[in-house]
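Number of protein chains: 2
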Amino acid sequence: MKNNHLLIDPWKIIENTFDKSKVKSSESLFSIGNGYMGQRANFEEDYSGNTFQGSYIGGVYYPDKTKVGWWKNGYPESFAKVLNAPNWIGISIKVNGELLDLNKGIVKHFQRVLDMQKGIYKRKFQIILVNGIEILVEVTRFISLNENSLGGIEYKLLAVNTDCQILIEPYIDAGIVNQDSNWDDSFWKIKSLKKTKLFSGLISETNKTKFEVCTYMANKLFYEKKVIDPLPIKSKSKSKISQSFKIDIQKGKTLKFIKIGGYVKTNVNFPKNPIEEAKEIVEKHIEIDFEKLLKTQIESWKKIWEVSDIKIEGDPKSQQAIRYNIFQLNQTYSGKDPKLNISPKGFTGEKYGGSTYWDTEAYCLPFYMLTKDQSVSKNLLKYRYFQLDKAIENAEKLGFDKGAALFPMVTMNGEECHNEWEITFEEIHRNGAIVYAMYNYLRYTKDFDYIKEMGIEVLIAVSRFWAQRFSFSRDKNKYVILGVTGPNEYENNVNNNWYTNYIARWCLIFTKEQIKKIQKFHFKDFSRIIKKTNWNSNEFNLWDEIIKNTYLPYDNEKKIFLQQDGFLDKELIQVSHLKKSERPINQNWSWDRILRSVYIKQADVLQGFYFFSENFSLEELKKHYKFYEPFTVHESSLSPSIHAILASRIGMIDEAYKLYLQTSRLDLDDYNIESDEGLHITSMAGSWLTIIEGFGGMKITGDTLYFENKLPKKWKSLSFKINIQGSLLEINLSKNHNNFIWKGDSKVKIIINGK
Amino acid sequence: MKNNHLLIDPWKIIENTFDKSKVKSSESLFSIGNGYMGQRANFEEDYSGNTFQGSYIGGVYYPDKTKVGWWKNGYPESFAKVLNAPNWIGISIKVNGELLDLNKGIVKHFQRVLDMQKGIYKRKFQIILVNGIEILVEVTRFISLNENSLGGIEYKLLAVNTDCQILIEPYIDAGIVNQDSNWDDSFWKIKSLKKTKLFSGLISETNKTKFEVCTYMANKLFYEKKVIDPLPIKSKSKSKISQSFKIDIQKGKTLKFIKIGGYVKTNVNFPKNPIEEAKEIVEKHIEIDFEKLLKTQIESWKKIWEVSDIKIEGDPKSQQAIRYNIFQLNQTYSGKDPKLNISPKGFTGEKYGGSTYWDTEAYCLPFYMLTKDQSVSKNLLKYRYFQLDKAIENAEKLGFDKGAALFPMVTMNGEECHNEWEITFEEIHRNGAIVYAMYNYLRYTKDFDYIKEMGIEVLIAVSRFWAQRFSFSRDKNKYVILGVTGPNEYENNVNNNWYTNYIARWCLIFTKEQIKKIQKFHFKDFSRIIKKTNWNSNEFNLWDEIIKNTYLPYDNEKKIFLQQDGFLDKELIQVSHLKKSERPINQNWSWDRILRSVYIKQADVLQGFYFFSENFSLEELKKHYKFYEPFTVHESSLSPSIHAILASRIGMIDEAYKLYLQTSRLDLDDYNIESDEGLHITSMAGSWLTIIEGFGGMKITGDTLYFENKLPKKWKSLSFKINIQGSLLEINLSKNHNNFIWKGDSKVKIIINGK
């Protein structure tokens, strides 16, 4: 644990100190968002210290020209990146001419509180400015869960030791850059600015992608609770709109400033001038009643928590962590728009380009599927369906044909935008997770509509890919998959990664079953699909051959499935023997050394044991867990959760608990000293899985949901809810008592601890 | 063969047509140089068409900031690149105000001739300018083999159809760029310009590396063979010096202009103002007697050809090709300076950064060793010795210690400057070739001095690297080398590349022998080395263990050494089954497809069979050649020569001949449609090897040199010379007669065709 300056509280994240070296990581940790837009916890007022400014709009990206050493055939031309959007939160303040800047003067008191229950972020500080004037500032900020384009700030300023003159200058600023730009391209072009008494709006357009966005604001001033309306000093520059107000305030009195603002982006379906739409929002909230806005916000979050909340008694650290994870997952993806998805860093940083990875299907889907309306997880599935054409194109670029699809490793719009050959071209197991998500959706929701209407096309295209990607080894007399990177990215270009071979084969089996089901029960759909995909039942011949003869590396002596061919040639030195100074190995070892070592970045064979647990006995699971865990360095945020779940299943609860803390408090405690870059959003879904499937032991078989009480020692009780097949199921587990409560009817049978 | 517009001639390269699309490739093909500087065959006068301007100075490089997708630990910060140097050849010409530009007007006649025997490049053309004036131009150019810093141009201009006024403007220009700059950095800074009546000099300095170079020129004008001295119109800009002369010439009369020029670079050993040195050169040639300069040039080349020439009767194409190869090798490396080396493209292009690769040791050394004074090949060995410290640092960056060295894959100054992990970190077999070159030098020259004085330190450091890089596989109960790229770069991160394992083991054996020899016969050296390297005889224990238990992949059924583990899992489809449209595969297939395919870029197992031929029977060689050749695509210029030699050895002379043409005429016939980027200099050494070791069948064992007459059908006879142990040996092979002639004494025994 590298960070322990945050207080433990069941519902709040609290920082009580001002440490300049922690500003950037706190900017990540106190990020707020609503799935449509997101804002790092940058200060409203100026700050001359080290900061990472970040405001993001879902789905607004830029195809940055690929940066690469030696170009290889098939590399994507560009890397789509989420863009740092114009700043709408800015409020510049001068006190008797002295700029308010927390990097200067003496900070007497500083506090941040993120109230997760209410969805409100507060900041309070008292500072003696360089000119000796002492002021107390209290800021409340939210991004509306109710209205996509609305954010609000209440900025209160009290003169502590003397009368003074305040110059307050709210602004919107489009002169922003990305930290991770490859070629210093400019990303935004300012198109127009509009300014009325109440409203300021700035239209900017992204270069190349032509997303048009209106960044807007409207303001209201109070002095000692009374509205005041001083004459503004307007100012417009090429990329910035601001207006300043000069107000004299008396010692002990408070100036209150309210600002609403945010982004309206052009909607291709309803082409409307975004500036007009922004003006409508402002007119709707013409009164700018901040208390009312907060009330709505609290109500919206209440509805979320009614289903999503997990209660843990006896361990506030665990309690705080899981609520933080659930809170961030809800801030990142609302599920309203099938064109949006969940980026590994959500709206809290630029790394990973704000793009979609396999994280969505492998980790995130269950959370949204079981805590939201069914339409939300269906939208996640549709996201891939809408990108199927591009996945087919992508496969064609790599030499596949006849409708085979390879979904991209990283994407914003369906096109591949990653450019390391060992990942882009070889980490093909992602195609398997996309199918697994459909299977997962089907078994929990029993909703076959998605598959028969859309998903079956994805299944056929993916299975065609696998059928072409397997090759026949005369030497082994089996079908093999050569040259891949598995989930463990600390191996590149290996042959017969067990996980990849296994899930590839499984995709063929699952697709075949679905085709047969549609042929039998939905013949109209079947005819349409056959026509659209040119599918021919002869394709089953090769699929069956492969299913029958898939090579899966196995060591007869150890009775272990091997991560890949040649795995046992490595020096089998356990992680516990590594020096501390060598960890994390990805920051201390050269890449070749990592590759030839035995160390596993994240669950690989064990990921397969997690996905397909019904196919392996508890004995087999134990054997494999005990073999692979000692070699696993968990240098991916996605790793500890899967190990935690499996450790719970085999009764290693203490180990599971340790791994749970590692995954759920990864950012709060800054395990990897990288929270400053943004939060690990997708791995937060892993924390949720750890509780539900690990300590709660949830599994589904047919119409029966199984739970097992596997609570860590410290936990007195655990309660959570599952939204399944239209009904809400509450599970309560404690030392002496386990029960469940249904809200609404359900055909699902519940068995807890075998009863 | 993609190019057949060049005429076949035993001593000359002749181009008789002006084809704008071929200008860039001819600029490469007609390049001239002297191992110190080099010049692409750019036109002296202006040319507005497609051109690739290139002037290079040996050893003058720039560390261009590395361009890479995702940074990996251990990557070099920069990529050292040879710089495009200031232009000294420029002569701008206007005829009655109209710019002479071969891209405009009507070219009535155009010819280039590169006279390899004399080392002189000539160009002649007749053009009707846009203004209707017809002129005939004849240009002669050379770069002196005798004086490092001297080049000369004679530019003759005849007015064909009318009197006219010529404005002739010789210039030197430092406003040049590299085509392959990563970040558009500027490479040169102009420091000063100097201009006297006779002399113009421009000092520029490379950024970062601070190489100081004086580019200079001096001129002389003749009208109808009489010196004239018109008043020059001087002109200086920030980066260019020029002077113009206006001369009226009559129809049928000739204006002749002579320009000498080139580069003087600051010599760290003799710190002298380079501008003063350049002035001295000009003063020495104050008369600028072009005929005299040409005479010296012809004499210098005569001396080279006396030893280097290879005579082939009956096949002018083969004859022309080998002379072209020998000519270019001599233009690239003179062997005078152990800080210089042989870049894959020599001084004919920017690709490969003008840096040193393993090509030098694996391909080039024998040519220089056996056609030059012994000091030349010794300098090539010293080059690595002088960079040993940096090779040890390089290994340390990758986690090795105790004096282990990994020489860089690509280097200019001893630092690694390549940045693809699969090459930089994993193509470690280069360490083996460096040792092999020492062995090769030793067995031919019998000169042990280099090894005992310097080389032994390299041997110990390299062997330490191998001893650490081998790891023990309990599964195989053998020492293995995991995660490498072999000579065949169409495989990455493979385990147990046979060639790498074999040469690594051999290095340990060879080093041990040399240490023992020094210990026994040169005890003083031994003591010094032990002290300097901290070597301890206990190190032999692990070396012996590895030597005894090296794993070498082998298939018992096919009785074939396997290129690497898992090779037989591939689909063994021969190259002949590939569609033409798919070749070359590196331009048509994505990288993953290439990697999992069976196709071999260049000799890999067979490279080992070539190096260590005495360790394998002819039967084994045949078996392996016949197994691997059908899978080899020869998409490296270094591949066909090795296959040609081996094919000769097993009596497949027709195939060897085909491969010989491919390697020796690679650029002349532009097989890979890339001559425009520069010539494949290092592979030209492979052509020489093909003749000497292939068709001449040369081998050495102890004190005996063996030759075998393996002439291709077409060849009536083959004669070549070998400079061995201070004596010159002439070998003459023909259908009916083989003989040898010694010039000087020699202890070497000669056996031709077993006699």
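Chains as they are written, first to last, in our numbering: chain A, 1 to 755; chain B, 756 to 1510. Ideal placement from N, C-alpha and C gives every residue a C-beta, glycine not left out. Just so it is clear, the structure is predicted and the values come from calculations on it, not from any experiment.
Legend entry - CB contact below 8 Å: D928/B versus chain A: no
Inset, instruction - Mind listing the chain A neighbours of L1237/B? Cutoff is C-beta to C-beta under 7 Å, in chain order. - result: D569, K570 and R596
Inset, instruction - Report buried or exposed for R1519/B, applying the criterion of at least 16 other Cβ atoms within 10 angstroms of its Cβ. - result: Outside the shown range of chain B (756 to 1510) lies residue 1519/B, about which nothing can therefore be said.
Inset, instruction - Would you list, in sequence order, the uninterrupted alpha helix (DSSP H) runs of no fewer than 4 residues that lie entirely inside the segment 1112-1187 of chain B? - result: 1120-1126, 1129-1140, 1143-1152 and 1176-1179
Legend entry - Under 8 Å between C-beta atoms of K1072/B and I1284/B: no
Inset, instruction - Could you have a look at M756/B and say whether DSSP puts it in helix, strand or coil? - result: The pLDDT assigned to M756/B is 44, lower than 50, so where the model puts this residue is not dependable; a value taken from the coordinates is nonetheless given after this. M756/B: coil per DSSP, three-state reduction.
Legend entry - chain B within 8 Å of F425/A, Cβ atoms only: yes
Legend entry - Proximity of Y121/A and A218/A at Cβ, strictly below 8 Å: no
Legend entry - Interface partners of R593/A on chain B, CB under 7 Å: L1153 and G1154
Legend entry - Within 8 Å of chain A by C-beta, residues of the segment 1090-1115 of chain B in sequence order: none
Inset, instruction - Can you give me the start and stop residues for the beta strand (DSSP E) that K220/A sits inside? - result: E212 to Y223
Legend entry - Exposed unless 16 or more other CB atoms sit within 10 angstroms - verdict on E1177/B: buried
Inset, instruction - Apply the 10 Å Cβ neighbour rule to F521/A and answer buried if 16 or more other Cβ atoms are within range, or exposed otherwise. - result: exposed
Inset, instruction - Could you check if T704/A is buried or exposed, using at least 16 other CB atoms within 10 Å of its CB as the buried criterion? - result: exposed
Legend entry - CA nearest to the CA of I1020/B, picked from G887/B, E1429/B, I958/B and Y817/B: Ile is not the amino acid found at residue 1020/B; the sequence shown has Lys there. Selected option, being the one with the closest Cα: I958/B.
Legend entry - W1344/B: contacting residues in chain A (beta-carbon distance under 9 Å): N73, G74, L398 and G399
Inset, instruction - Determine which residues share a DSSP beta bridge with R757/A and list them. - result: The requested residue 757/A is not part of the displayed model; chain A covers only 1 to 755.
Legend entry - chain A contact residues for G1321/B, given Cβ-Cβ distances below 8 Å: L482, N495, D565 and G566
Inset, instruction - Starting from the C-beta of N771/B, find all residues in its chain whose C-beta is less than 6 Å away, skip the five residues before and the five after it, and write them out in chain order. - result: Q866
Inset, instruction - Tell me, to the nearest whole angstrom, how far the beta carbon of K1465/B is from that of G1441/B; I am working on the premise that it is less than 8 Å. - result: The Cβ separation is near 16 Å, so there is no contact.
Inset, instruction - Taking only heavy atoms of the ligand SAM into account, decide whether any of them is closer than 7 Å to the Cβ of I1178/B. - result: With respect to small molecules bound, the structure shown includes none, and the ligand SAM cannot be examined in it.
Legend entry - Reference E77/A, options T66/A, I176/A, K735/A and L198/A, closest by Cα: T66/A
Legend entry - H1184/B versus V1388/B - alpha carbon distance: 21 Å
Inset, instruction - Any chance you could list the beta strand (DSSP E) runs of at least 3 consecutive residues sitting entirely within the segment 437-519 of chain A, in chain order? - result: 471-473 and 478-480
Legend entry - Chain-order list of residues whose beta-carbon lies under 8 Å from that of S1132/B (same chain, five-residue window excluded): G1090, L1120, Y1123, M1124, Y1196 and T1200
Legend entry - is_contact[E1175/B, chain A] using C-beta, thresh 8 Å: yes
Inset, instruction - Measure from the alpha carbon of P985/B to the alpha carbon of each residue in K991/B, F977/B and S992/B, then state which is nearest. - result: F977/B
Inset, instruction - Determine the direct distance from the alpha carbon of V1062/B to that of W1497/B, and round the result to whole angstroms. - result: 12 Å
Inset, instruction - Measure the beta-carbon distance from S25/A to D676/A and round it to whole angstroms, keeping in mind my assumption that it falls under 8 Å. - result: 4 Å
Inset, instruction - Would you please verify whether the beta carbon of N586/A is less than 8 Å from any beta carbon of chain B? - result: yes
Legend entry - Expected contact under 8 Å - CB spacing of M454/A and Y383/A to nearest Å: Their Cβ separation, rounded to whole angstroms, is 11 Å, which puts M454/A and Y383/A out of contact at 8 Å.
Inset, instruction - Kindly indicate which three-state DSSP category W301/A falls into: helix, strand or coil? - result: helix
Legend entry - Sufficient close CB pairs (3 or more, under 8 Å) joining the segment 226-240 of chain A to the segment 290-307 of chain A: no
Inset, instruction - Using DSSP bridges, identify the partner residues of F1102/B. - result: DSSP lists no partner for F1102/B.
Inset, instruction - Could you work out which residues of chain A lie near W825/B, taking near to mean beta carbons separated by less than 7 Å? - result: E420
Inset, instruction - Just mark F1278/B as buried or exposed, buried being the case when its beta carbon has 16 or more other beta carbons within 10 Å. - result: exposed
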